[in-house]
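S.K.: Going line by line, the protein sequences match chains H and X.
Residue numbers for the first sequence, in our numbering: 503 to 887.
Residue numbers for the second sequence, in our numbering: 5 to 59.
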Amino acid sequence: MDFIMDVLSELGFLVNNLSAFVEAGGWKYIAMWAIGGVLIYLAIRHDMEPTLLLPLGFGTILVNIPFSGAIGEEGALTTLFNAGIANELFPLILFIGIGAMIDFGPLLTNPKLMIFGAAAQFGIFFTFCMASMFFTQNEAASIGIIGAADGPTAIVVANKLLGADNDITGAIMVAAYSYMALVPIIQPPVIKLLTTKKERLICMPYEQKQVSKLTKILFPIVITVVAGVVAPESVSLIGFLMFGNLIRECGVLNSLSETAQKVLANLITIFLGITIACQMEASKFLNVNTLLILGLGLFAFIFDTAGGVMFAKLINLFLPKGKKINPMIGAAGISAFPMSGRVVHKMGLKEDPQNFLLMQSIGVNVSGQIASVIAGGLILSFFMK
Amino acid sequence: MFNNLILAKSIFSEFNPMAFVDNLRYMLSGMIAIFIVIGIIVLITIILNKIFSKK
Chain H
503 MDFIMDVLSE LGFLVNNLSA FVEAGGWKYI AMWAIGGVLI YLAIRHDMEP
553 TLLLPLGFGT ILVNIPFSGA IGEEGALTTL FNAGIANELF PLILFIGIGA
603 MIDFGPLLTN PKLMIFGAAA QFGIFFTFCM ASMFFTQNEA ASIGIIGAAD
653 GPTAIVVANK LLGADNDITG AIMVAAYSYM ALVPIIQPPV IKLLTTKKER
703 LICMPYEQKQ VSKLTKILFP IVITVVAGVV APESVSLIGF LMFGNLIREC
753 GVLNSLSETA QKVLANLITI FLGITIACQM EASKFLNVNT LLILGLGLFA
803 FIFDTAGGVM FAKLINLFLP KGKKINPMIG AAGISAFPMS GRVVHKMGLK
853 EDPQNFLLMQ SIGVNVSGQI ASVIAGGLIL SFFMK
Chain X
5 MFNNLILAKS IFSEFNPMAF VDNLRYMLSG MIAIFIVIGI IVLITIILNK
55 IFSKK
């Protein structure tokens, strides 16, 4: 009998934990589990950025178990967070992989397309202005950078401006990655709203030009120097991206290039997703600020798209007939690579099955990658004290 | 829930429409800067293409 009583009293901690769960606002944890579940569902069922949303969703559940041992001073996720996110190491290393994946060939063939990458950063700055009505300047700048459509850049900028422990950093990271996954849903209606059918039917013949190997090797070096001189704060971002690209293009490091594209990028992605979830604690995440940030993030993506499309329409005013640009390619200037380029290509094909915009839209899309990093550097130059 | 209501109230009580106007200069200078940087990169790329293009 004593033995049974001992066992029951030992099991008393279960009852204590359960009552503590209810007292600590159990509904909040349940809401966060539901959010984690939705992220996992979107990743698996709809194939939306599964490499990020799945670890993020699972991590959300992991950190929202009351008294979770995964977080806290000695928690494994907190250790990973301090080792890789708080000091921006993971996003920067991921940039090496992304750089190694990008082929700047379509852009080098027609460098003028790069200008659309610049125009499509409009959403970042416009959203910053909008967010400044509700948040401090640094917070607003970090929210605006969601429009970079580039997770690593958003993490680096938000960390530098706000610090990793800020309450809104998690919402910014989640918005940045979630909306990237939603590009195929967000962009088409905006593009359709801003263009006429006639404009969407404009064909842009692609001239295949040979780009020398030396140009491909010099390009990442030149970009690093130019961007670094103008916005020194962007050097680590652009430098790691271009370092990855240099590995790819140099021709003597094929094995490293392959590792960076696959093993390194995959490894970091696994840790990045689940570690970002550290910021998804119910106490930090479930508040009005998060809703506002998610709304502003959507706003940033919409105005990025609008900025690119409207700029293309503006350019068309000065171009002779027959040389006009299909304004849809302006929308590919947001950095979400390669989704945005593919969205524009598919929309072109839907309007006219003979209208192939893939090479142009991918060219604009990679320029968006460069422009978004430069925009991140500029934001840091403006607001980092 | 009550805390959220307080937070919502504080957000909207701190709502400052003039901040939008005040910060427009950053938008303008940011967009100009980004066009300049990209413009320089375009020029350099065109020059690189011209110098090293395959005959």
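For glycine and all other residues, C-beta sits at the position ideal for the given N, C-alpha and C.
1) State the DSSP-derived secondary structure class of LEU684 (chain H), mapped to helix, strand or coil.
2) Counting pairs of Cβ atoms below 8 Å between the stretch 600 to 609 of chain H and the stretch 730 to 745 of chain H, do you hit three or more?
3) Mind checking if THR717 (chain H) is an interface residue toward chain X, Cβ cutoff 8 Å exclusive?
4) When you compare the CB of ALA729 (chain H) with every CB in chain X, is at least one pair closer than 8 Å?
5) Is the CB of ILE617 (chain H) under 8 Å away from at least one CB in chain X?
6) At 4 residues or longer, what runs of the alpha helix (DSSP H) sit wholly inside the stretch 575 to 602 of chain H?
7) Using the beta-carbon of each residue, which ones in chain X are nearer than 7 Å to MET841 (chain H)?
8) By Cβ distance below 6 Å, which residues in the same chain neighbour GLY671 (chain H) in space, the five residues on each side in sequence not counted?
9) For the putative contact between LEU558 (chain H) and MET550 (chain H), defined by C-beta atoms under 8 Å, what is the C-beta separation to the nearest angstrom?
10) What would DSSP say about CYS752 (chain H), mapped onto helix, strand or coil?
11) Nearest CA to the CA of GLY850 (chain H): which residue from H:LEU555, H:THR697, H:THR777, H:PHE839?
12) Quick one, which of H:SER785, H:GLY607, H:THR761, H:PRO707 has its alpha-carbon nearest LYS718 (chain H)'s?
13) What number of angstroms, rounded off, separates the C-alpha of ILE674 (chain H) from the C-alpha of PHE813 (chain H)?
14) Output yes or no for whether 8 Å exceeds the beta carbon distance between ILE827 (chain H) and ASN818 (chain H).
15) Sorted by chain position, which residues of the same chain lie with C-beta nearer than 8 Å to LEU556 (chain H)'s C-beta, five sequence neighbours on each side aside?
16) Could you name the residues of chain X that LEU610 (chain H) contacts, counting a contact when the two beta carbons are closer than 9 Å?
17) If GLY865 (chain H) sits next to ALA622 (chain H), beta carbons under 8 Å apart, how far is it from one beta carbon to the other, in whole angstroms?
M.R.: For this structure:
1) DSSP places LEU684 (chain H) in coil when its eight states are reduced to three.
2) The stretch 600 to 609 of chain H vs the stretch 730 to 745 of chain H: in contact.
3) So, interface residue.
4) With 8 Å as the cut-off, ALA729 (chain H) counts as an interface residue toward chain X.
5) For ILE617 (chain H), the answer is yes, since a Cβ of chain X falls inside 8 Å of its Cβ.
6) Within the stretch 575 to 602 of chain H, the alpha helix (DSSP H) runs of at least 4 residues that lie entirely inside it are, in chain order, 578 to 586.
7) Neighbours of MET841 (chain H) across chain X, judged by C-beta separation under 7 Å, do not exist; the nearest C-beta is about 21 Å away.
8) It should be pointed out that residue 671 (chain H) corresponds to Thr in this sequence rather than to Gly. Here the set comprises ALA660, LEU664, GLN781.
9) Distance from LEU558 (chain H) to MET550 (chain H) at the Cβ level is roughly 11 Å; contact not present, criterion being Cβ atoms closer than 8 Å.
10) Residue state, collapsed to three classes: helix.
11) Residue H:THR697 is the option with its Cα nearest to GLY850 (chain H).
12) Proximity to LYS718 (chain H) across H:SER785, H:GLY607, H:THR761, H:PRO707 peaks at H:GLY607, based on C-alpha coordinates.
13) About 27 Å.
14) Yes. Within cutoff.
15) Excluding residues within five positions, the ones whose Cβ falls inside 8 Å are LEU541, ILE542, ALA545, ILE546, GLY775.
16) Going along chain X in sequence order, the residues near LEU610 (chain H) (Cβ under 9 Å) are THR49, LEU52, ASN53.
17) No, GLY865 (chain H) and ALA622 (chain H) are not in contact; Cβ-Cβ is about 13 Å, not under 8 Å.
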